[in-house]
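Asks: Numbering (the working numbering), first residue to last: 27 to 361. Just so you know, even glycine gets a beta-carbon here, dropped at the ideal spot from N, CA and C. Have a look at the structure that comes next, please.
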Ligand SMILES: [Zn+2]
Ligand SMILES: [Zn+2]
């Protein structure tokens with residue numbers, strides 16, 4: 027397959043600055059890597075945290091993006107598993123050491139020496155990228171490139187957050203109704219759960235969207251739901267939602283924080299946590315999460331709502347996400 031020498035990419039030179047549209051050399055795959063022609067790359071809230079400097083010590087300069095859909099155009103010497111031309115997805119988890127205690131205990135999401143796509147290694151805001159083939163996923167065929175992109179992080183980490191809430195839960199609250207929420211709400215409804223959606227106060231559009239996806243109730247994050255929740259998942263990066271979610275949760279219930287970054291959590295009375303309520307966070311993903319999620323998504327079937335942006339407009343896409351001006355997920359296209 028013909029691979030050019032140069033490509034276009036959106037590059038972060040310094041946190042706090044806009045990304046720069048640049049011409050760069052197309053990378054060469056190492057022995058375990060594949061070179062991928064990127065078709066689409068989703069824009070995730072984590073990208074915003076990296077660009078804004080809330081996640082510290084990124085690789086610099088950096089090509090962000092970790093919801094990558096593309097096709098294999100070249101393989102390293104040990105990357106036999108995939109065929110040239112095969113469509114694959116590249117997620118946030120880019121590499122794990124395989125040796126630390128967490129890797130050995132099947133908790134590779136907590137690896138001591140991990141690499142993360144679009145954070146500590148280059149990602150998919152580019153026409154080409156390389157990825158370790160062991161962390162790539164084959165993608166279900168019934169999704170277009172654009173619609174598959176948000177499944178790779180919003181879907182995967184959303185799914186891990188949802189699983190963390192427990193199989194037995196019946197009433198699930200979701201705080202922050204964006205990329206991850208709109209995917210997970212569909213899985214939850216498919217599995218017979220009642221979904222309660224909490225949005226920014228007054229965001230009638232997002233509330234309508236949630237109801238359209240099967241939520242039995244949608245309202246402001248400052249409101250109490252009509253029934254207490256068995257579990258709440260917080261996707262919005264807003265610390266004050268944690269005590270609010272605990273108050274909306276029944277005895278023995280759980281509140282899962284699904285984001286990588288959150289503003290400080292305000293103090294709250296112990297009473298709000300008491301009666302065996304549990305608070306936990308979700309970090310990264312394992313490859314097993316990916317296999318499970320890509321098996322279930324086409325069965326639901328999860329339908330993703332996407333807003334396309336050309337690669338060169340990545341800054342505009344990030345701004346829309348920052349300001350809550352998106353419904354569903356922003357996806358960069360390379361055509
Ligand atoms: Zn490890
Ligand atoms: Zn993400």
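How about residue 259 and residue 187: do their beta carbons lie closer than 8 angstroms?
Replies: Against a cut-off of 8 angstroms, the Cβ pair of residue 187 and residue 259 comes out as a contact.
Asks: Sorted by chain position, which residues of the same chain lie with C-beta nearer than 7 angstroms to residue 274's C-beta, five sequence neighbours on each side aside?
Replies: These residues qualify, in order along the chain: 199, 250, 251, 254, 255, 258.
Asks: Here's a check: name, in chain order, each residue in its chain whose Cβ is nearer than 7 angstroms to the Cβ of residue 315, leaving out the five neighbours to either side.
Replies: The answer, listed in chain order, is 182, 185, 186.
Asks: Which residue comes first and which comes last in the beta strand (DSSP E) that contains residue 335?
Replies: First-last of the beta strand (DSSP E) with residue 335: 332 to 336.
Asks: Closest by CA to residue 116, which one among 84, 60, 123?
Replies: Residue 60 is the option with its Cα nearest to residue 116.
Asks: Using the three-state DSSP reduction, which class does residue 72 fall into: helix, strand or coil?
Replies: Helix.
Asks: Alpha carbon to alpha carbon, how far is residue 151 from residue 348?
Replies: In a straight line, the C-alpha of residue 151 is about 17 angstroms away from that of residue 348.
Asks: Under a three-way DSSP split, which group does residue 97 fall into?
Replies: Here residue 97 sits in strand by DSSP.
Asks: Is residue 75 a contact residue of ligand 2, with contact defined as CB to any heavy atom under 7 angstroms?
Replies: Residue 75 Cβ: outside cutoff for every heavy atom of ligand 2.
Asks: If you reduce the DSSP assignment to three classes, tell me which class residue 184 lands in.
Replies: Here residue 184 sits in helix by DSSP.
Asks: Using beta-carbon positions only, say whether residue 118 and residue 143 come within less than 8 angstroms of one another.
Replies: A contact, by the Cβ cut-off of 8 angstroms.
Asks: Any heavy atom of ligand 1 closer than 7 angstroms to the beta-carbon of residue 331?
Replies: False, no ligand heavy atom lies under 7 angstroms from that Cβ.
Asks: Exposed or buried, which one is residue 247 when buried takes at least 16 other CB atoms within 10 Å?
Replies: With 16 or more Cβ atoms within 10 Å of its Cβ, residue 247 is classed as buried.
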